[in-house]
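Trainee:
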Amino acid sequence: MMNESERRELRRMLAEPPSGERRDFFQPAGELIAAMIDTPYYPPYAVDSLHCHNTLELGVCVKGCGRIRTRTSEWTFSPGAVLLTPREVPHSQQNEGVLMTHWQYVEVNEDVLLHLAGERRLSALRTLVESAGGGMFLPGGQSGEIPQLVQIMFDSRRLGGGESPPELQLFLLLILLMMARHADDVALSIAADAPGLAPVEPALAYVCEHYTHEIRVSDMARSCAMSESYFRKLFSRLMGMPPLEYVNRYRIHRALNLLRLTQEPVQNIAARCGFFSLAAFNRNFKRYVGKSPSDWRDGRQRQEKWALK
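Everything in the sequence shown is counted per this note's numbering, starting at 442 for the first residue and increasing by one.
Right, dumping it as structure tokens:
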């Protein structure tokens with residue numbers, strides 16, 4: 442069960458999704474660990490879109506199953522699976538089944554990690570980050586003791602009253618060194634020098650700023666100083682979907698936040714998120730989430746009341 446600080450962090454991430462599905466974390470200066478988030482997901486599961494972070498993300502599946510997708514690879518996860526995603530690498534997670542899915546995430550300041558990797562004894566860490574350019578996945582049967590060590594990290598922080606004991610950094614370094622040992626035996630998804638989202642980031646920021654208004658692909662392309670035809674091809678390759686589908690997904694993501702965190706009528710939320718037709722909002726919502734907005738809100742509220750008991 443999440444503690445109060447984790448609930449606040451989760452509410453902040455839901456209420457203020459960063460621009461263009463950049464789900465960024467505050468990184469205290471000099472701190473290796475930016476955040477630790479213990480996150481349960483409840484069905485019916487929303488469809489996740491490709492997103493990235495400003496941190497290196499270490500994730501461990503505690504419960505549930507589903508699929509992880511990057512630009513070029515897809516993995517099936519189950520309990521014990523471990524995912525390491527460097528900063529700026531687009532990825533998405535689709536949970537499946539009728540039971541709760543539960544993940545534990547450690548968000549790592551990659552700059553601090555690479556600074557520590559300057560020490561000869563920790564040089565394997567730099568090799569790990571550089572070789573895992575598109576993400577590194579370990580199935581449950583191959584992750585060894587890593588899930589147990591991550592659980593110890595969360596238990597230590599919980600016993601510390603939500604503070605981060607000094608030994609958490611040592612546990613994290615040990616886990617990453619263990620992953621570096623696995624790296625030679627793991628098929629990595631893409632080359633380390635593959636381009637990130639930088640070419641289309643102006644368009645992602647444009648969507649974040651203008652999603653409440655009409656958005657044309659030509660406007661998105663113009664923000665990136667590209668022709669519309671070239672922009673469509675590049676955006677689809679980097680984000681895994683056409684530009685207007687991304688816009689609709691982004692709007693639905695914002696609507697999910699408002700449905701969960703406010704009691705506003707569905708029609709008001711639709712208008713606030715850029716849908717000027719309630720029918721279009723309902724159609725897109727059901728396409729991406731699988732339920733009507735009202736049914737999703739009612740079910741989510743029941744689940745959260747049960748989880749907080």
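The beta carbon of each residue, even a glycine, is placed where N, CA and C say it ideally should be.
What is the rounded straight-line gap between the Cα of W584 and the Cα of Q704?
Mentor: Walking along the sequence shown from the start, residue 584 turns up at place 143. Walking along the sequence shown from the start, residue 704 turns up at place 263. According to the sequence as given, residue 584 is Ser; it is not Trp. One C-alpha to the other measures close to 43 Å.
Trainee: Can you give me the start and stop residues for the alpha helix (DSSP H) that I641 sits inside?
Mentor: The residue labelled residue 641 in the question sits at position 200 within the sequence shown. Checking the sequence, you will find Val at residue 641 rather than Ile. Premise fails: V641 is in no alpha helix (DSSP H) and is neither H nor E.
Trainee: Go through the region 552-580 residue by residue and report every complete run of the alpha helix (DSSP H) that reaches 4 residues or more, in order.
Mentor: 564-572
Trainee: Is E462 near L491, with beta carbons less than 8 Å apart?
Mentor: Taking the first residue of the sequence shown as 1, we reach residue 462 at position 21. Taking the first residue of the sequence shown as 1, we reach residue 491 at position 50. Yes, the pair counts as a contact, with Cβ atoms nearer than the cut-off.
Trainee: Which residue from M680, P643, P683 and T653 puts its Cα closest to that of A666?
Mentor: Numbered from 1 along the sequence shown, position 225 holds the residue referred to as residue 666. Among M680, P643, P683 and T653, the Cα nearest to that of A666 is on P643.
Trainee: Are Q534 and D479 close, meaning C-beta to C-beta below 8 Å?
Mentor: The residue labelled residue 534 in the question sits at position 93 within the sequence shown. The residue labelled residue 479 in the question sits at position 38 within the sequence shown. Against a cut-off of 8 Å, the Cβ pair of D479 and Q534 comes out as no contact.
Trainee: In the DSSP assignment, the alpha helix (DSSP H) including E548 goes from what residue to what residue?
Mentor: As a working note, residue 548 is residue 107 in the sequence shown. Run containing E548: none in the alpha helix (DSSP H); it sits in the beta strand (DSSP E), T542 to V549.
Trainee: Following the continuous beta strand (DSSP E) through G729, name the residue where it begins and the one where it ends.
Mentor: Here residue 729 is taken as the residue at index 288 of the sequence shown, counted from 1. Before going further, note that residue 729 is Tyr rather than Gly in the sequence given. No beta strand (DSSP E) holds Y729; the alpha helix (DSSP H) holding it covers L719 to V730.
Trainee: One question on the structure: do M661 and P531 come within less than 8 Å of each other, judged by their Cβ atoms?
Mentor: Indexing the sequence shown from 1 puts residue 661 at position 220. Indexing the sequence shown from 1 puts residue 531 at position 90. Against a cut-off of 8 Å, the Cβ pair of P531 and M661 comes out as no contact.
Trainee: What three-state label does DSSP hand A475 in the structure shown?
Mentor: As a position in the sequence shown, residue 475 is number 34, starting the count at 1. Residue state, collapsed to three classes: strand.
Trainee: Output the distance between the C-alpha atoms of V641 and L600, rounded to the nearest integer angstrom.
Mentor: Reading the sequence shown from its first residue, position 200 is the one you call residue 641. Reading the sequence shown from its first residue, position 159 is the one you call residue 600. Each residue's alpha carbon lies about 43 Å from the other.
Trainee: What number of angstroms, rounded off, separates the C-alpha of R663 from the C-alpha of E669?
Mentor: By 1-based counting over the sequence shown, the position of residue 663 is 222. By 1-based counting over the sequence shown, the position of residue 669 is 228. If I take the Cα positions, the gap works out to 8 Å.
Trainee: What whole-angstrom Cβ distance do L399 and L613 have, given they're in contact under 8 Å?
Mentor: Lying before the first or after the last residue shown, residue 399 is absent from the chain, which here runs from 442 to 750.
Trainee: List the residues that DSSP assigns as beta-bridge partners of R512.
Mentor: Counting from one through the sequence shown, the residue named residue 512 turns up at place 71. Answer is none; R512 lacks a bridge partner.
Trainee: Near L590, what residues of its chain come up, given a Cβ to Cβ distance below 7 Å and the 5 sequence neighbours on each side ignored?
Mentor: Residue mapping note: residue 590 aligns to position 149 of the sequence shown, counting from 1. Around L590: F612, L615 and I616.
Trainee: Are the region 714-724 and the region 687-698 in contact at 8 Å, needing three or more beta carbon pairs?
Mentor: yes
Trainee: Just the Cα atoms here: how many angstroms apart are V648 and Y691?
Mentor: Against the sequence shown, residue 648 aligns to sequence position 207. Against the sequence shown, residue 691 aligns to sequence position 250. Distance between the alpha carbons of V648 and Y691: 8 Å.
Trainee: I'd like the list of long-range same chain contacts for N550, defined as Cβ closer than 7 Å, with 5 residues on each side in sequence excluded.
Mentor: As a working mapping, residue 550 is identified with position 109 in the sequence shown. Here the set comprises Q468, E472, L473, A475 and T496.
Trainee: CB-CB under 7 Å to G507, same chain, minus the five flanking residues each way: which ones, in chain order?
Mentor: Mapped onto the sequence shown, residue 507 falls at position 66. Result list for G507: F518, Q534, Q535, N536, E537 and T542, in chain order.
Trainee: Please determine, among R512, S514, P481 and V488, the residue with the shortest C-alpha to C-alpha distance to C433.
Mentor: Beyond the ends of the chain as shown, which are 442 and 750, falls residue 433; an answer cannot be given.
Trainee: Measuring straight from C-alpha to C-alpha, what distance separates L685 and L563?
Mentor: Looking up residue 685 in the sequence shown gives position 244. Looking up residue 563 in the sequence shown gives position 122. So the two alpha carbons sit approximately 44 Å from each other.
Trainee: Out of H651, G582, A522 and R528, which has the shortest C-alpha to C-alpha gap to H494?
Mentor: Here the question's residue 494 lines up with position 53 in the sequence shown. The shortest Cα separation from H494 among H651, G582, A522 and R528 belongs to R528.
Trainee: Could you give the DSSP three-state label for P484: helix, strand or coil?
Mentor: As a position in the sequence shown, residue 484 is number 43, starting the count at 1. It is coil, neither helix nor strand.
Trainee: To the nearest angstrom, how far is the alpha carbon of N689 from that of N725?
Mentor: Within the sequence shown, residue 689 is the residue found at index 248, counting from 1. Within the sequence shown, residue 725 is the residue found at index 284, counting from 1. Computed Cα separation, rounded: 7 Å.
Trainee: How long is the line joining the alpha carbons of H651 and P607, rounded to whole angstroms?
Mentor: Looking up residue 651 in the sequence shown gives position 210. Looking up residue 607 in the sequence shown gives position 166. Spanning the two alpha carbons is a distance of roughly 43 Å.
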